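Worksheet for the structure shown next.
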Amino acid sequence: MSRPLVIGVTGGIGSGKSTVCAMFAEFGIPVIDTDQVAREVVVPGSEGLSAVVAVFGLDILTPRGELDRAALRKLVFQNPALRVQLEQILHPRIRAQVAAHIAKVTTPYCLVGIPLLSDRKSQSYLDRVLVVDCPEEVQESRVMQRDGLTREEVIAIMKTQATRAQRLALADEVIVNGGDLHAVRAEVVQLHQRYLALAEQTVDA
Ligand code: ADP
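Residues in the sequence shown are numbered from 15 upward in steps of one, following my numbering.
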């Protein structure tokens, strides 16, 4: 079978990525979540977890033998060289696992959710990038409400992410999610048709 069209979905925290992906999923479109894949590649007993332990030691395991993400985050936050090492372990494994998920897709296209997409080169398997966008004040109030954080805490997270302009520069398509859910659903319906048409062209090519 020919491969599906692969659409990367990105957007800042609170922009509405999960909301938009859930709407595509209602049309039966598979959504591969790279955050979830990042957890899959280091489950207890995995080769990925052994590779992480080989570099970071047994201290980054919880008493139950799971990866202690908070401890690991703290370590790499203090040491950029370690962060690079960790990425060198995780990124190829995450890519391989995403490819394995894509290989199982039977629909004309699928979505890959990538919260921190910062460039296209490292994600060459993406055919297109869909950016979910909204004004920063809207992001802030949504995340304050969803996660019970203060505005300052949300702004601190947003500062660690790509800027709105950087993200928009990567976009083939943009969903503007600054209004109500009806408006965003209408955009999803249109894009679904567009991606089906593009997938058909790609298959014919
Ligand atoms: P992300 O996955 O990008 O962090 P979410 O999809 O979780 O963002 O959306 C953040 C919060 O805002 C969620 O609680 C979601 O239900 C809400 N939300 C998203 N889009 C809208 C919208 N158009 N109108 C109202 N609430 C929204």
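Beta carbons are placed, not taken as given, at the ideal position from N, Cα and C, and that holds for glycine. This one's a predicted model, so the numbers in the text were calculated from it and none came from an experiment.
- Cβ neighbours of Leu89 within its own chain (closer than 8 Å, five residues either side excluded): Phe70, Ile74, Leu96.
- In the DSSP assignment, Gly79 falls outside any alpha helix (DSSP H) and carries neither an H nor an E.
- DSSP links Asp47 through a beta bridge to Gly127.
- Listed in chain order, the alpha helix (DSSP H) runs fully inside the segment 145-193 are 150-161, 165-173, 178-183, counting runs of at least 4 residues.
- Gly22: member of the beta strand (DSSP E) spanning 19-24, first to last residue.
- Taking C-alpha positions only, Gln207 is separated from Gly79 by approximately 45 Å.
- The count of Cβ pairs closer than 8 Å, one atom from the segment 58-67 and one from the segment 176-184, stays below three, leaving the stretches out of contact.
- Minimum Cα-Cα distance from Gly127 among the listed residues Ser16, Thr24, Glu150, Pro18 corresponds to Thr24.
- Taking the Cβ of Lys31 as the reference point, at least one heavy atom of the ligand ADP falls within a distance shorter than 7 Å.
- Residue nearest to Thr174 within the set Pro18, Leu210, Arg17, Ile27 is Ile27 (criterion: CA-CA distance).
- Under the DSSP assignment, Leu96 falls in the alpha helix (DSSP H) whose first and last residues are 94-117.
- In the DSSP assignment, Gly62 falls within the alpha helix (DSSP H) that extends over 61-70.
- With contacts defined by Cβ atoms closer than 8 Å, Met37 and Arg165 do not form a contacting pair.
- Assigned with DSSP and collapsed to three states, Arg134 falls in coil, not helix or strand.
- Taking a contact as a CB-CB distance under 8 Å, the pair Ile103 and Val66 counts as one, their CB atoms being some 6 Å apart.
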